[in-house]
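Participant:
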Amino acid sequence: MIRQRHLTLACSVVGAAVVALDGTVLTLAQPALQRDLDADFGQVQWTSTGYLVAVASLLVFAGRLGDRYGHRRIFALGTLGFATASTGIALAPGIGWVIALRVLQGVCGALLQPATLGMLRAAYPADRLAMPIALRTSAIGLAAAAGPLVGGALVSAYGWRSVFALTVLPAFAIGLLALAAPAPTASAEPLFPAASPALAERGRPTAAETRASLDLPGAFLLAVTLACLVHVLVAAPETGATAGNALALATALVAGAVLVRHERRAAHPLLPPALLRSRPVAAGLGALLAASAALFGSLFVATYFLQDVRGLDPLTSAVWTLPLAVLMVLGAPAAALAQRRFGPRRTTVAGALLLSFGVLLLSRLDERATAVTTGGCFVLLGAGFSTVMVTATAVVVKRAAAADAGVAGGLQQTAMNTGPALGVAMATLLMTLEPSAAFVSAMGTTFLALAAVAALGAAAALGLPAGTAAPREAERPPSAPLPR
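Each residue of the sequence shown is one higher than the last, beginning at 345 in the numbering used here.
1. Whole beta strand (DSSP E) runs in the stretch 678-759 with 3 or more residues, listed along the chain?
2. Give the DSSP-derived three-state secondary structure of tryptophan 390 in the structure shown.
3. Between which two residues does the alpha helix (DSSP H) holding alanine 517 run?
4. Answer yes or no: do isoleucine 439 and glycine 394 have a C-beta to C-beta separation smaller than 7 Å?
5. Look at the alpha carbon of leucine 513 and the alpha carbon of arginine 605, and state the distance between them as a whole number of angstroms.
6. Determine whether the beta carbon atoms of leucine 456 and threonine 423 lie at a separation below 7 Å.
7. CA-CA distance, isoleucine 418 and serine 482?
8. Would you kindly work out how many angstroms separate the C-alpha atoms of valine 768 and leucine 577, rounded to a whole number?
9. Just to confirm, are alanine 802 and alanine 696 a CB contact at a threshold of 7 Å?
10. Can you find the residues in the same chain that come closer than 6 Å, C-beta to C-beta, to glycine 425, ignoring five residues on each side of it along the sequence?
11. To the nearest angstrom, how far is the alpha carbon of alanine 747 from that of phenylalanine 564?
12. Comparing C-alpha positions only, which one of Asp657, Thr692 and Ala749 sits nearest to alanine 829?
13. Report the three-state DSSP secondary structure of glycine 440 (helix, strand or coil).
14. Any beta-carbon of chain C closer than 7 Å to the one on proline 617?
15. Which class does proline 492 belong to by DSSP, given the choice of helix, strand or coil?
16. Apart from the five residues just before and just after methionine 475, which ones in its own chain have a Cβ nearer than 6 Å to its Cβ?
17. Which residue comes first and which comes last in the alpha helix (DSSP H) that contains phenylalanine 564?
18. Under the assumption that phenylalanine 729 contacts leucine 593 (Cβ atoms under 8 Å), give the Cβ distance between them as a whole number of angstroms.
19. What did DSSP end up calling serine 622 once you bin it into helix, strand or coil?
20. Specify, as a first and last residue, the run of the alpha helix (DSSP H) that proline 658 falls within.
21. According to the Cβ coordinates, are leucine 614 and arginine 412 closer than 7 Å?
22. Answer with buried or exposed for leucine 535, where buried requires no fewer than 16 other C-beta atoms within 10 angstroms of its C-beta.
23. Is it true that the stretch 486-501 meets the stretch 643-662, where meeting means three or more beta-carbon pairs spaced less than 8 Å apart?
24. To the nearest angstrom, how far is the alpha carbon of serine 531 from that of arginine 465?
25. Given a cut-off of 7 Å, decide if valine 739 and proline 677 are closer than it, judged by their beta-carbon atoms.
26. Do threonine 431 and alanine 360 have their beta-carbon atoms positioned less than 7 Å apart in this structure?
27. Please determine, among Val653, Ala618, Leu381 and Ile484, the residue with the shortest C-alpha to C-alpha distance to valine 358.
28. Following the continuous alpha helix (DSSP H) through histidine 612, name the residue where it begins and the one where it ends.
29. Taking the alpha carbon of proline 458 as the reference point, which residue from Leu808, Met760, Trp504 and Ala765 has its own alpha carbon closest?
30. May I ask you to report which of helix, strand or coil DSSP gives tyrosine 468?
31. What does the Cβ neighbour count give for glycine 753, buried or exposed, with the cut at 16 atoms within 10 Å?
32. Can you tell me which of the three DSSP states alanine 383 falls into?
33. Grouping DSSP H, G and I as helix and E and B as strand, with all else coil, what is alanine 634?
34. Give me, in chain order, the residues of the same chain whose beta-carbon lies closer than 6 Å to that of alanine 420; leave out the 5 immediate sequence neighbours on both sides.
35. Are alanine 398 and valine 363 touching if we call contact CB-CB under 7 Å?
36. Taking leucine 313 as the reference, which of Ala400, Arg472 and Ala487 has the closest Cα?
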């Protein structure tokens with residue numbers, strides 16, 4: 345059992361780090377990629393946009409696939425596919441191939457990301473999830489710290505193709521390890537019952553029952569809703585209020601309304617009603633959405649400040665922001681310990697307020713900012729964000745039934761992918777309201793708004809449990825029987 349848990353933790357940590365590392369090194373590779381493949385700016389942007397749309401639209405359904413067919417198998421499929429797509433991008437002859445393979449990489453990323461949480465939920469008792477999730481968060485922080493440095497060195501020495509080759513071997517290795525490792529089983533009962541007693545008596549569901557419970561219409565409607573929404577968030581800051589963006593937004597609203605109607609009537613909805621009605625789950629997702637929006641919106645503005653106002657080169661800018669990644673690595677285990685002592689509510693509220701305070705301090709920076717003053721702001725951002733991410737994620741995952749852990753992981757990853765797009769879109773809009781000559785003034789206003797978003801995350805966190813005890817049996821929602 346211990347060995348299985350260690351293998352599961354290794355797969356989860358390395359899988360999350362591979363995705364995080366790929367995202368950080370891509371930004372540094374894009375200018376060289378554009379020159380080498382003779383691509384225009386719009387085509388290069390689609391190497392990011394195509395990935396984001398694919399991954400965000402499929403996360404929840406991918407989580408459900410893990411619930412039905414095993415998170416370990418779906419994780420292995422995702423990591424091996426991710427490695428194969430990375431290999432193809434490194435060998436791609438043109439920009440069209442790069443975009444298509446990045447979309448494929450997004451699909452594979454959607455498969456593996458919820459599985460990294462679903463595997464942990466299956467392997468660890470609910471009351472011991474916080475530390476494994478903290479180690480996963482630390483790995484993401486470490487990848488974020490190493491990405492700009494390693495990526496910059498690789499692009500300078502070997503060209504843009506080398507950054508895509510960077511993750512191939514780790515992804516292949518961890519995918520094969522996941523296939524070879526035995527499936528873990530938790531030694532404790534879930535907080536909510538995973539299924540009806542009929543399931544235990546009858547064994548695994550039949551193929552027909554499995555297909556029915558996947559809720560393919562719901563998955564399609566959710567994918568359309570999220571794909572159109574993320575596209576608008578990414579494209580609108582660059583292109584403005586175009587007819588295409590208006591059509592995408594209208595499609596997202598209509599598909600979302602139809603999705604709500606469908607899920608209410610479906611016998612086996614993609615989004616379990618008991619999970620969505622859970623106040624702690626809703627509070628955790630709200631805190632994650634707000635915190636990720638505030639953090640990535642702030643990083644977007646801070647990058648321009650460091651390079652255009654302070655005149656730093658990209659590598660020096662990355663060094664100035666290192667305290668954020670360092671505090672994510674160190675702060676995640678500390679957050680797990682704080683949650684155990686003070687409870688999820690107080691820990692998450694404190695983290696969100698710390699994040700908000702860090703963004704407020706960024707709003708006070710000007711042309712005289714030093715590495716020390718800027719680094720102090722990033723220390724607060726890293727400590728606050730890692731605290732929110734660890735604590736809120738643990739609540740969302742542990743409050744789900746074991747049979748719905750993949751969907752819970754998909755919802756958590758959806759919040760973590762949608763939040764940054766929302767934060768960057770908000771920051772871009774606010775920065776363009778003032779002329780470019782007034783960058784510092786516009787930056788201050790934008791940071792104030794993003795600090796308010798982080799404070800909204802603290803307000804959302806008030807809905808989290810005050811203590812660490814499991815809910816009483818009477819509070820557990822009734823389970824739905826499988827169709828016969």
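Cβ coordinates follow ideal geometry from the N, Cα and C atoms, glycine included.
Facilitator: If we stick to the structure as given:
1. none
2. As a working mapping, residue 390 is identified with position 46 in the sequence shown. In the structure shown, tryptophan 390 sits in a helix (DSSP, three-state: H, G or I).
3. The residue labelled residue 517 in the question sits at position 173 within the sequence shown. 512-524 is the extent of the alpha helix (DSSP H) around alanine 517.
4. For the purposes of this step, residue 439 is taken as the residue at position 95 of the sequence shown. For the purposes of this step, residue 394 is taken as the residue at position 50 of the sequence shown. Their beta carbons are not under 7 Å apart, which means isoleucine 439 does not touch glycine 394 by this criterion.
5. Here residue 513 refers to the residue found at position 169 of the sequence shown. Here residue 605 refers to the residue found at position 261 of the sequence shown. Straight-line Cα distance between these residues: approximately 44 Å.
6. As a working note, residue 456 is residue 112 in the sequence shown. As a working note, residue 423 is residue 79 in the sequence shown. Yes. Within cutoff.
7. Counting from 1 along the sequence shown, the entry for residue 418 is found at position 74. Counting from 1 along the sequence shown, the entry for residue 482 is found at position 138. Near 23 Å, if we compare the C-alpha coordinates of serine 482 and isoleucine 418.
8. Here the question's residue 768 lines up with position 424 in the sequence shown. Here the question's residue 577 lines up with position 233 in the sequence shown. Valine 768 and leucine 577: Cα-Cα distance of roughly 8 Å.
9. Looking up residue 802 in the sequence shown gives position 458. Looking up residue 696 in the sequence shown gives position 352. Yes, the pair counts as a contact, with Cβ atoms nearer than the cut-off.
10. Along the sequence shown, one-based indexing puts residue 425 at 81. Hits under 6 Å: Cys452.
11. Stepping through the sequence shown from its first residue, residue 747 is reached at position 403. Stepping through the sequence shown from its first residue, residue 564 is reached at position 220. Alanine 747 and phenylalanine 564: Cα-Cα distance of roughly 21 Å.
12. Only positions 345 to 828 of the chain appear in this structure, which leaves residue 829 out of reach.
13. On the sequence shown, position 96 is the one that residue 440 refers to. DSSP places glycine 440 in helix when its eight states are reduced to three.
14. Looking at the structure shown, chain C is missing, and only one protein chain is on hand.
15. By 1-based counting over the sequence shown, the position of residue 492 is 148. If DSSP states are grouped into helix, strand and coil, proline 492 belongs with the helices.
16. Here residue 475 refers to the residue found at position 131 when the sequence shown is read from its first residue. Ala680, listed in sequence order.
17. Here residue 564 refers to the residue found at position 220 when the sequence shown is read from its first residue. Element bounds for phenylalanine 564: 560-583.
18. Indexing the sequence shown from 1 puts residue 729 at position 385. Indexing the sequence shown from 1 puts residue 593 at position 249. So it is not a contact: roughly 28 Å between Cβ atoms.
19. Here residue 622 corresponds to residue number 278 of the sequence shown, with the count starting at 1. Coil at serine 622, not helix or strand.
20. Along the sequence shown, one-based indexing puts residue 658 at 314. Where proline 658 is concerned, the enclosing alpha helix (DSSP H) stretches over 658-664.
21. Walking along the sequence shown from the start, residue 614 turns up at place 270. Walking along the sequence shown from the start, residue 412 turns up at place 68. Their beta carbons are not under 7 Å apart, which means leucine 614 does not touch arginine 412 by this criterion.
22. The sequence position of residue 535 within the sequence shown is 191, counting from 1. Note on leucine 535: pLDDT 41, under 50, position unreliable in the model; the coordinate value appears next. Per the 10 Å Cβ criterion, buried.
23. yes
24. What you label residue 531 is simply residue 187 of the sequence shown in a count that begins at 1. What you label residue 465 is simply residue 121 of the sequence shown in a count that begins at 1. Here serine 531 scores only 43 on pLDDT, less than 50, and its place in the model is too uncertain to base an answer on.
25. Position 333 of the sequence shown, counting from 1, holds the residue named residue 677. Position 395 of the sequence shown, counting from 1, holds the residue named residue 739. Result no, Cβ atoms of proline 677 and valine 739 do not sit closer than 7 Å.
26. Reading the sequence shown from its first residue, position 16 is the one you call residue 360. Reading the sequence shown from its first residue, position 87 is the one you call residue 431. No.
27. Working through the sequence shown from its first residue, we reach residue 358 at position 14. For the residues Val653, Ala618, Leu381 and Ile484, the minimum Cα distance to valine 358 belongs to Ile484.
28. Counting from 1 along the sequence shown, the entry for residue 612 is found at position 268. Taken as a continuous stretch (DSSP letters only), histidine 612 belongs to no alpha helix (DSSP H), as it is neither H nor E.
29. Taking the first residue of the sequence shown as position 1, residue 458 is located at position 114. It is Met760 whose Cα lies nearest to the Cα of proline 458.
30. Counted from its first residue, the sequence shown places residue 468 at position 124. Reduced to three states, the DSSP call for tyrosine 468 is coil.
31. Taking the first residue of the sequence shown as position 1, residue 753 is located at position 409. Burial call: buried.
32. Numbered from its first residue, the sequence shown carries residue 383 at position 39. Of the three classes helix, strand and coil, the one that applies to alanine 383 here is coil, per DSSP.
33. Within the sequence shown, the letter at position 290 stands for residue 634. Here alanine 634 sits in helix by DSSP.
34. Start at 1 with the first residue of the sequence shown, and residue 420 comes out as number 76. If we look at alanine 420 and ignore the five residues flanking it on each side, its Cβ neighbours are Gly519, Ala522 and Leu523.
35. On the sequence shown, position 54 is the one that residue 398 refers to. On the sequence shown, position 19 is the one that residue 363 refers to. Not in contact: alanine 398 and valine 363 (Cβ atoms no closer than 7 Å).
36. As displayed, the chain neither begins before 345 nor continues past 828, which places residue 313 out of reach and without an answer.
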